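Have a look at the structure below, then the notes.
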Amino acid sequence: MIDGRPDEAHISTSYVEQQNLTMGMHMRRFTRLTNTFSKKIENQCHAIALHFEYYNFCKVHKTLRVTPAMEAGLTSRPMSIQQVVKLTG
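Residue numbers -6 to 82, in this note's numbering, belong to the letters of the sequence shown in order.
Here's what the structure looks like:
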């Protein structure tokens, strides 16, 4: 996680709303009117962790043209799904 003192001129709820939309599109358990859910909170936590692992380390974002992890200097190239699976095992 990267933290610090953000420029208050760039703080906006639209970023949170966009992230909520992305989570809903990638994980059906977060959409309304659905019967897909986690029976255990532990499973919910694992699903969220996998989503953010993929979102930050695998998915190349159109606006950045790289993954967020690459933009932050954490990796030099996108990770594959196989690499993510190895890390979780």
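We treat Cβ as the ideally placed atom computed from N, Cα and C, and that holds for glycine.
On a predicted model such as this, the values are computed, not experimentally measured, just so you know.
Distance between beta carbons of residue j and residue i, contact taken as under 8 Å
{"i": "THR68", "j": "ALA62", "result": "5 Å"}
{"i": "CYS51", "j": "MET72", "result": "5 Å"}
{"i": "HIS3", "j": "HIS19", "result": "Actually they do not touch by this definition, with Cβ atoms about 25 Å apart."}
Bounding residues of the alpha helix (DSSP H) (the contiguous stretch that carries residue i)
{"i": "GLY82", "result": "Note, GLY82: premise wrong, no alpha helix (DSSP H); not H, not E."}
{"i": "VAL9", "result": "6 to 19"}
{"i": "MET72", "result": "No alpha helix (DSSP H) holds MET72; DSSP gives it neither H nor E."}
Per-residue DSSP class, three states only, for residue i
{"i": "HIS39", "result": "helix"}
{"i": "GLU54", "result": "Sequence check: residue 54 is His here, not Glu. Reduced to three states, the DSSP call for HIS54 is coil."}
{"i": "ALA65", "result": "coil"}
With 16 other Cβ atoms within 10 Å as the buried cut-off, status of residue i
{"i": "THR81", "result": "exposed"}
{"i": "THR60", "result": "buried"}
Proximity below 8 Å, CB of residue i to CB of residue j
{"i": "VAL77", "j": "GLU46", "result": "yes"}
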